[in-house]
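Read the structure below first, then the notes.
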Amino acid sequence: MGRLSCLLSKQREAYKSPWQRGPCTLQAAPVQLSMDAGSRSARLLAILLLLGLCALTGAQKPAACRCSRQDPKNRVNCGFPGITSDQCFTSGCCFDSQVPGVPWCFKPLPAQESEECVMEVSARKNCGYPGISPEDCAARNCCFSDTIPEVPWCFFPMSVEDCHY
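This is the structure:
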């Protein structure tokens, strides 16, 4: 009968605040609360750590060529409506409000070893031959990137004078 009365007591007292509950519920409550608080603390710590890392890595403005050489129709949104250029650059993205109908805050082109080598794949002009090695390509004073199949991997660099924010 003791277990049944304790169970009924728990059901009735479930609607009471923790300090109003009887002895049956007080025994289990501290353990459950400490587990909930621990998991909440762990989640909060993980979120804060992630936000801190994002702020550290994203605090760098992308190089101008990574932004200005991006075809507006290929922009991938990187912000939210009303984002400022400072907020956008702080998140490591590009900002250009000159072209209507496309994202103004967008992901930059991939970084290359040299700014002269940053360009859309469609802008690459072949500087080598199929199967050229990075060393042979460099000997021709050209750029090399083999990450995308069926496009020139060895290609002519472009002047950085046309790059701007």
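Numbering follows the UniProt record's numbering, in which position 119 of the sequence shown is assigned residue number 119; successive positions increment by one, without gaps. All C-beta atoms in this analysis are idealised placements derived from N, C-alpha and C, irrespective of residue type, glycine included.
Where residue i falls: helix, strand or coil (DSSP)
i, result
"Asn141", "coil"
"Tyr165", "coil"
"Pro62", "coil"
"Val121", "helix"
"Gly2", "Residue placement at Gly2 is poorly supported in this model, since its pLDDT is 49, which falls under 50; the coordinates still yield a value, given next. Three-state result, Gly2: helix."
"Asp136", "helix"
Identity of the residues DSSP links to residue i by a beta bridge
i, result
"Cys94", "Phe106"
"Asn126", "Phe155"
"Asn77", "Phe106"
Exposed unless 16 or more other CB atoms sit within 10 angstroms - verdict on residue i
i, result
"Lys73", "exposed"
"Val118", "buried"
"Arg124", "buried"
"Ala106", "A small correction: the amino acid at residue 106 is Phe; Ala does not occupy that position in the sequence shown. Classification of Phe106: buried, given that the 10 Å Cβ count is 16 or more."
7 Å Cβ shell around residue i - same chain, five flanking residues per side excluded
i, result
"residue 171", "Any property of residue 171 remains undetermined from this structure, which presents the chain solely from 1 to 165."
Close Cβ partners of residue i (< 6 Å) along its chain, the five nearest in sequence each way excluded
i, result
"Pro30", "Only weak support is given to the placement of Pro30: the predicted model assigns it a pLDDT of 45, under 50, and the value that follows is read from those uncertain coordinates. Closer than 6 Å at Cβ, skipping near neighbours: no residue."
"Cys163", "Ala64, Cys65, Ser68"
Cβ-based neighbour list, residue i, same chain, cut-off 8 Å, excluding 5 preceding and 5 following
i, result
"Trp153", "Gly128, Ile132, Cys137, Phe144, Ser145, Asp146"
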